[in-house]
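Heads up, the thing below is written out as structure tokens.
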Amino acid sequence: MAPFNNPSTRASVVKFLEERIGKTEVAEALVEAADRYQVDPALVVALSWQESRFQATAAGVNRNSTIDRGLMQLNSSTFTSLSEDDFYNPYLNADHGTSYLRQILDFSGNTVTALAMYNAGPGRVGSLGAPSITLEYVDRIFAYRDSLVRDFYDEYASSGVLMSREIQAVKNPDYL
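Residue numbers (the working numbering): 17 to 192.
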């Protein structure tokens with residue numbers, strides 16, 4: 017999404033996300049991780065919203081007794097090198113979660129499959145496809161990502177923050 021990936025609008029994006037999320041530290045952690053691993057910041061933010069509603073202290077026990085923790089709901093059996101405090105550190109959690117997302121994006125070759133793998137695990141997303149509940153999860157992430165970009169455009173286009181080329185890219189993603 018052009019405005020979220022453009023260095024000239026970076027400060028406006030972070031400010032917008034701080035207001036949307038309500039937590040400066042969380043917005044900064046997610047954008048920094050997205051930059052570091054070259055993942056669409058709007059996608060990383062939408063994934064964090066879906067996983068934890070931006071709650072750095074979120075935790076959930078799975079049916080197999082593993083625990084998902086933090087902004088990106090990192091699983092205790094996957095991220096064995098992290099201490100309990102690390103899971104709840106927004107910067108570390110966003111970094112590890114986005115690094116993992118980058119790996120599965122590269123492995124899968126597409127965003128839908130990568131998000132399904134993030135949710136259900138690579139082993140459960142195979143030749144038979146993802147479970148329907150996982151596809152609903154992916155749909156919610158895309159819907160939130162799209163609303164972020166649309167709201168950013170609505171808020172900042174009239175203020176002159178976005179240039180005409182970026183406005184066209186928001187209206188038509190194939191423009192650039």
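For glycine and all other residues, C-beta sits at the position ideal for the given N, C-alpha and C.
- Residue state for G113 is assigned as helix, using DSSP reduced to three classes.
- Less than 8 Å divides the Cβ of A62 from the Cβ of Y160.
- Taken in chain order, the whole alpha helix (DSSP H) runs of length 4 or more contained in the region 26-110 are 26-37, 40-53, 57-68, 100-103.
- For G145, the pairing in a beta bridge is given by DSSP as G142.
- Counted as a single uninterrupted DSSP element, the alpha helix (DSSP H) harbouring N135 occupies residues 127-136.
- Residue nearest to A27 within the set T129, L151, E44, E100 is E44 (criterion: CA-CA distance).
- Note that the C-beta distance between G76 and Y104 is not below 8 Å.
- The shortest CA-to-CA distance from F168 to any of S24, L33, N22 is the one to L33.
- Ranking A58, A130, A146, S68 by CA distance to the CA of N21 puts A58 first.
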